[in-house]
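Report on the following structure.
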Amino acid sequence: MRSETNALELALHLYKFGELIKDMDDKINNEKDEELKRIYINEREDMYSNQIEIIHKLKALDI
2 MRSETNALEL ALHLYKFGEL IKDMDDKINN EKDEELKRIY INEREDMYSN QIEIIHKLKA
62 LDI
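Set out below in structure tokens:
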């Protein structure tokens, strides 16, 4: 049961990161300041990395 709970929690985090990335894409597309745009892009890349880590954790669970 614990593995299933962990999987649900990780899936929720994965979904939330997807929503944050979508919002960050909108910010990047609407931003005029190139330096701020680069900061947003770096933050988005960190979010992608977090998503990948979560996917690996999900794959490692024995469910």
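The sequence shown: position 55 = 56 (the working numbering), numbered continuously. No residue lacks a Cβ here, since even glycine has one placed at the ideal position from N, Cα and C. Note that the coordinates shown come from a computational prediction; the quantities given were computed from them, not determined experimentally.
Tell me whether the beta-carbon of SER1 lies closer than 8 Å to the beta-carbon of ILE64.
Residue 1 lies beyond the range of the chain shown here (2 to 64); nothing can be said about it.
Beta carbon of ALA12 nearer than 8 Å to that of LEU59
Here the question's residue 12 lines up with position 11 in the sequence shown. Here the question's residue 59 lines up with position 58 in the sequence shown. Against a cut-off of 8 Å, the Cβ pair of LEU59 and ALA12 comes out as a contact.
May I ask you to report which of helix, strand or coil DSSP gives ILE64?
Within the sequence shown, residue 64 is the residue found at index 63, counting from 1. Judged by DSSP in its simplified three-state form, ILE64 adopts coil rather than helix or strand.
State the DSSP-derived secondary structure class of GLU35, mapped to helix, strand or coil.
As a first step, residue 35 is located in the sequence shown; it is residue number 34 there, counting from the start. When DSSP states are grouped into helix, strand and coil, GLU35 belongs to the helix group.
May I have the straight-line CA-CA distance separating ILE29 from TYR41, to the nearest angstrom?
On the sequence shown, position 28 is the one that residue 29 refers to. On the sequence shown, position 40 is the one that residue 41 refers to. The straight-line gap from Cα to Cα measures roughly 6 Å.
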